[in-house]
Amino acid sequence: MKYCILLIVTLLGLGLQLAAEIALPFDRKWKLPPGGTISESILTVSATDPAVPQLASHPVDPEPYFGRSLIVRFEVKYSDVSKPEESYNGVKLMIHYFANGKQYWTNCPPLYGSSDWKTVTVEQQMPGDTEWISLEAGLQGSTGKLHVRNVELVDWDPKELHRPPVAVPENFRCEYTERVSSLPLLRGMMSPVVYRSADFPAMREWNVNLLRWQLHPNPREGEKYADLLDRDLNILDKVLEQCQKLGIMVIIDLHSVPGGKEFNHGAVQEEAKLFDNPEFAEEFVESWRKIARRYRDCPAVYGYDLFNEPNQKTPRRIDYLELQYRAAKAIREIDPETPICIAANDWSSPRYFSYLHPLPLKNIIYNVHMYRPLNYTHQRVVPALTRIYTYPGNVDGKYWDKEALRRCLAPVREFQQKYGARIVMSEFSVIRWAPGGERYLADLLALSEEYQWDWCYHAFREWDGWDLEYGNQYRDTSCKDPENPRLKLILDLLAKNRKLDLSGGSWKPQTTPLPAVNLTSEVVKKQLTDGRRLDETAAVSTLEITRKTPGSTFVTIPLPLSILGGQEVVLSGEIAHKAISQKPKSFNGVKLMLVITGPGGGTNYLQVPTGEGDSGWKNYALKTEIPYDARKLELYLGLEGVSGTAKFRNIRFSEPKPQIDHSRSIITGELDRSNAVSYKPGEPMKFRFRILQSGKPIGGRLRVIVAGDDGSRREDEYDLSADRPLELTASLNQPGFVMAEAKLIDDYGNEIRRKHGNGMKAVQFGLAAGVQPEKLTQAIAEPADFDKFWKSAKAELKAAPLRVLERKLFKTTQNSHIYDVKLSAPGPRPTVGSLAIPKDAQKKSLPLHIQFDGYGVRDIVAQDEPGKIVFFVGPHGVDLHREPAFYDKLFNGELYGYGFDDRQNENPHDCYFKYMILRDLRAVQYAMTLPEWDGRNLTIAGGSQGAFQAAAVTALTPEATRCELEIPWFCELGGITAGRIRGWRPNWKKGLGYYDTVNFARRIKCPVQIEAGLSDWVCPPSGVWCLYNVLPGSKRMKMFQGRNHGPYFGYDQKKAPFVEVNQQ
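In this text, residue positions in the sequence shown follow the UniProt record's numbering: the first is 1, and each later residue adds one.
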């Protein structure tokens, strides 16, 4: 039976006066906000103040919808709706209801701006204890105008909606041939969306014997569904070929159907367009004919999974089950034996098995997906599901445990028992950070095992949120956790699988070769201008690109997504180059680069690492996954941001070789002696490196850079075996250091990178060995007028009176009040900092600790420390507590590369750091006026750039009583002119002599403590040791072996060897 109530907002037809409550047909009432009116059957809501919500509401009797979906269609038009600060505001079209003792709001997707009339659908499954329902339409958090007409409530009885496509006898039982009946219980995985050959041996190691493989032919404008299906079937051939050898059966899952989904402006999942389009429906059936013809003789095929998660909510021209039946009959005309998987409606949900009808064909397997309760299994996956639930426990007022799961799955079990059906639970999961997720999986799979259902966990190495190999920390992908209980549970169950013999059969894969890159093609020849030249007389055709001045010149070659999309490939080629100028940015230079345009229009640039200067012919390669839904794929060959000549030849694609899984690998190293700075001039230094995984040595490939303070530098690649370390020898004939850093690479020369926080970081480790570092001196003497310059700068500071522009409470912690402070200062910006003062501070009772931040642009907050005042000073004088985009914009715009401008660095008055230091001195002046300061103890500290600032401020502040420097930057800036290891420092310009940390260190009178890394490639050890050598007073320094500017994977400072020197 159809329940359809058309609520037409009308005024003139009823002859009613405008009022706060308007009577409507069927005894409905709209309650209007101050900005709401009704005229000519249209509800209009206007908002002029975003802080004042304007929502019209209408009550709905909840009883007809208990345990069912309430679908509301709004026909709307809106104009000049401002973009709200919160994504859930703007145009509001909501089902607002009260259940389980709480209120809930189901809203349409974000809508703002302007739009002509369109239909927006909002849907909500109503709990059985719903007490009231209110429909609401209007604006919230925005200004503008909304018009609403023809509000329709639709509820279809599923029994009437889904009639059987064909009658079956009353006592019908499913029929299975020996191909199905002889199969044991199968357990396995849902596939990732990209083909990676290395995944299949890994699944075999897990003892997987069932894989649901996704086909994603999603055509965009100008593309054909059939062409993309052919692309996916070419990949499927590779999948089946590997799986047949490994004993893994494959469910062929047509994850995307012809026509795609119809966007209903609010439905949780849209209905497929083919339900109303006979052409799309016929293409669906024809697609399955094509698949059946191709794979009917493949013994590795478990079944044809016809339709992923159909979602038909209303009567359509073509019923979801009728369509599957048509496709199944078409398959049986070609392939009488291979099983066919049939999906229930409502995303293959368990509850819709109550309305599912069996099909009278042999070898039909029925497919269920299990993510109930969704608010638990998908918590914090999308912004709408922010609440944290625990299993077992209450989810939206209902208690979920194993018995609740049993009740949820009861319709599937009843269908199985009634018809003797084989069931596959081909998708199920729980997000890895859901509390109790392993218990949920254990209970669900215990039921599946009890019922003898085949199953596929969602998913194997797809999105990390479902990945069994990561731990249960929210969004943490810093490293994999092989001991996590979800993985152990699944592996224990997979261990029960029987090894399948899938040999035999006449099926052979239809191999499609990877495309060749033809440098002599017309596409290339049309671009041979402006320094681009093709040499076809050479033994191998060679493309040559030359630039006389730094800039960018490319040859661009389009690549066929129909072949490469969805594949893991290796792009390789030979490159030689001459006189390549210095790269302005690390990613500039000679380019062998793939440019991938994603489905949303974003671009990803993948390139091989190339060098500067001259190089003979060398092979370069990169391994990558081409997204199946990429919009465009291009190869770029050329120069970017540099001058010189580059030559390219033998550019090709190939399939990747199996690689070692280095997701848990680290590199460690040691010298041939414990005292890293005890080498004599010319004495051999031995650097030893190992690759470890779970504490055990393994083999692999390393790229090692060895550089010395004598200007020497070499870079080579080495194959390393598990039974012996890589040992390299170097020496140095003068005071200074030799540094060696090993990076883990794959067989193609690509750096192995692991997740680190929100990004990726290379797996590497460094060592350093020193010769007579106590004899190190600056390569360029300090300026003769150094003191005069800073005396003049301090006079400029004195001429700008100290004024407190702002001091406001930011927050209160258990120990302290934390204030935002803004002070007047010379130069373009004020002094800005975060000040923490203990709550119980008395006058003149506490020491003062001033801290400076490192390089970059970001927000800062002082860390409160009991028993001391902490003033954390920002380097740039920018506002605190702004959104991240504010700091990113500054860092990538106005402050991009600050401190590295050669023109500014010629003159000390123009150098960026002048006013940074003056702002820092102003911070000290202010802090010394605080009444809580004891007037005696003043510590100045910082790390990296902050250590440079701390040294400068301490040198210019006689009241300082202690200085703490960690990984100090800007040391011995002129050392690069003498061939010393460059580190990350600007080019030497004479103005920098007034900012060298070493020159400030000479003037520090108080005790100094330094902590730094012998392996620091940002702040090389020779510069730090120069700093130590010139300190005139009490000093102590620890230099840690294996410490870079940021920690290497596996680095533990508590266990790291170190060199310690001190002078009282």
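Think of the CB as a built atom: it goes at the ideal place given N, C-alpha and C, for glycine as much as any other residue.
Original post:
Grouping DSSP H, G and I as helix and E and B as strand, with all else coil, what is Val-257?
Top reply: coil
Original post:
With which residues is Leu-982 paired in a DSSP beta bridge?
Top reply: Reading off the sequence, residue 982 comes out as Arg, not Leu. DSSP, once it has assigned bridges, lists no residue as partnering Arg-982.
**OP:** Inspect the CB distances between the segment 211-222 and the segment 369-383 and report whether three or more fall short of 8 Å.
**Re:** no
Subject >> Residue ranges of each beta strand (DSSP E) within the segment 815-847, 3 or longer >> reply: 816-823 and 831-838
Original post:
Are there 16 or more other CB atoms within 10 angstroms of the CB of Arg-432, so buried, or fewer, so exposed?
Top reply: buried
**OP:** Return yes when the Cβ of His-147 is within less than 7 Å of the Cβ of Lys-77, no when it is not.
**Re:** yes
Subject >> Own chain partners of Val-285 with C-beta closer than 7 Å, once the 5 adjacent residues on each side are dropped >> reply: Arg-326, Ala-327 and Ala-330
Original post:
Touching or not, the segment 352-362 and the segment 404-421, by the rule of three or more beta carbon pairs under 8 Å?
Top reply: yes
**OP:** With a threshold of 16 other CB atoms inside 10 Å of the CB of Ala-646, please say whether the residue is buried or exposed.
**Re:** buried
Original post:
Within this structure, are the beta carbons of Phe-871 and Ala-951 separated by less than 7 Å?
Top reply: no
**OP:** Report all residues from its chain with a CB closer than 6 Å to the CB of Leu-321; omit the five preceding and five following residues, and keep chain order.
**Re:** Pro-165
Original post:
Taking just the CA atoms, how far does Gly-695 sit from Gly-770?
Top reply: 29 Å
Subject >> Reduced DSSP secondary structure (H/G/I, E/B, other) of Asn-604 >> reply: strand
Original post:
From Leu-24 to Lys-31, what does the alpha carbon distance come to, in whole angstroms?
Top reply: Residue placement at Leu-24 is poorly supported in this model, since its pLDDT is 38, which falls under 50; the coordinates still yield a value, given next. Looking at the two C-alpha atoms, the distance is approximately 11 Å.
Original post:
Should Val-540 go down as buried or exposed, given a rule of 16 or more other Cβ atoms within 10 Å for buried?
Top reply: exposed
Original post:
For the candidate residues Leu-385, Arg-422 and Asp-116, whose alpha-carbon lies nearest to that of Ser-182?
Top reply: Arg-422
Original post:
Mapping DSSP to helix, strand and coil, what is Glu-469?
Top reply: coil
Original post:
What separation, rounded to the nearest whole angstrom, lies between the Cα atoms of His-577 and Leu-726?
Top reply: 30 Å
Original post:
Between Leu-1014 and Gln-582, what straight-line distance do the alpha-carbon atoms span, to the nearest angstrom?
Top reply: 27 Å
Subject >> Cβ separation of Lys-868 and Pro-847, assumed to be a contact under 8 Å, to the nearest whole Å >> reply: 5 Å
Subject >> First and last residue of the uninterrupted alpha helix (DSSP H) at Leu-954 >> reply: The amino acid occupying residue 954 in the given sequence is Thr; Leu does not appear at that position. Element bounds for Thr-954: 945-955.
Original post:
How big is the Cα-Cα spacing for Phe-789 and Leu-1027?
Top reply: 20 Å
Original post:
With which residues is Thr-597 paired in a DSSP beta bridge?
Top reply: Thr-603 and Lys-632
Original post:
Does DSSP put Leu-321 in a helix, in a strand, or in coil?
Top reply: helix
Original post:
Is it true that the CB of Met-593 sits closer than 7 Å to the CB of Tyr-636?
Top reply: yes
Original post:
What residues in its chain sit with their C-beta under 7 Å from that of Glu-283, if we drop five residues either side in the sequence?
Top reply: Tyr-225 and Pro-258
**OP:** Identify whether Tyr-718 lies in helix, strand or coil by the three-state DSSP scheme.
**Re:** strand
Original post:
When DSSP builds the beta bridges, which residues end up paired with Asp-535?
Top reply: Thr-542
Original post:
With DSSP run on the structure shown, which of helix, strand or coil describes Ser-792?
Top reply: helix
Original post:
Enumerated in chain order, which unbroken segments of the beta strand (DSSP E) with a length of 3 residues or greater are wholly contained in the segment 274-325?
Top reply: 301-305
Subject >> Identity of the residues DSSP links to Met-370 by a beta bridge >> reply: Phe-428
Subject >> Contact set for Tyr-97: own chain, Cβ-Cβ below 6 Å, skip 5 residues either direction >> reply: Tyr-104, Thr-130 and Ile-133
Subject >> contact_flag[the segment 459-478, the segment 749-757] where n(CB pairs < 8 Å) is 3 or more >> reply: yes
Subject >> Euclidean distance between Cα positions of Val-154 and Val-412 >> reply: 26 Å
Original post:
Nearest CA to the CA of Asp-199: which residue from Ser-287, Ser-87 and Pro-658?
Top reply: Pro-658
**OP:** Buried or exposed for His-58, please, with buried defined as at least 16 other CB atoms from any protein chain shown within 10 angstroms of its CB.
**Re:** buried
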